[in-house]
Amino acid sequence: MVKPKETASDKIMKDPASDQLESLDYPLMAYMALYIFREIYIVQNLKELVFAKIKAVIEVINKPHTEDDQRGVISLLKLAYTIIPANKSSADLQEWLAHYAAFSLRSSAASLHSMASSNLVQIWLRKY
3 MVKPKETASD KIMKDPASDQ LESLDYPLMA YMALYIFREI YIVQNLKELV
53 FAKIKAVIEV INKPHTEDDQ RGVISLLKLA YTIIPANKSS ADLQEWLAHY
103 AAFSLRSSAA SLHSMASSNL VQIWLRKY
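Its first residue numbered 3, the sequence shown is counted upward by one per residue in the working numbering.
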């Protein structure tokens, strides 16, 4: 019996970002790389598709609970605000990501005291 090849969408549902963060095998990074390509070469048709794919991956992650997913989201935010120019074309993505980051922090406000020693803060401090 031939088993169908696993797709990137299938991987999102069951794999943490652990062994994928450094490569484009991790869907979030692959979609962001495609968004950056779209921004540089002004491929308008890709904008809505890639934006929808990024949102779909974020919806699966929801709030990043694993250290790997936290790294993935931090990498995504870093790319969105350091590589992609702040212009009218990228405003939708950057605004949506800002709302997502605020939502994630707001929903974690109840555990803010414990967050000071959390992996997310430690990762953020090491990177910046």
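Glycine included, every Cβ here is placed at the ideal spot set by N, Cα and C.
By alpha-carbon distance to I44, the top candidate from K90, E97, R108 is K90. When the Cα atoms are used, E69 and N47 turn out to be separated by approximately 34 Å. When the alpha-carbon of A103 is set against those of P87, Y83, V52, the nearest one is in Y83. Assignment of N89 by DSSP, reduced to helix, strand and coil, places it in the coil class. Counting the other Cβ atoms within 10 Å of the Cβ of V62 gives fewer than 16, which makes it exposed. DSSP places V45 outside both helix and strand once states are collapsed to three, so it counts as coil. Within the same chain, Y33 come within 6 Å of K55 by CB-CB distance, once the 5 residues on both sides are set aside.
By the Cβ neighbour-count rule, L30 is buried, with 16 or more other Cβ atoms within 10 Å of its own.
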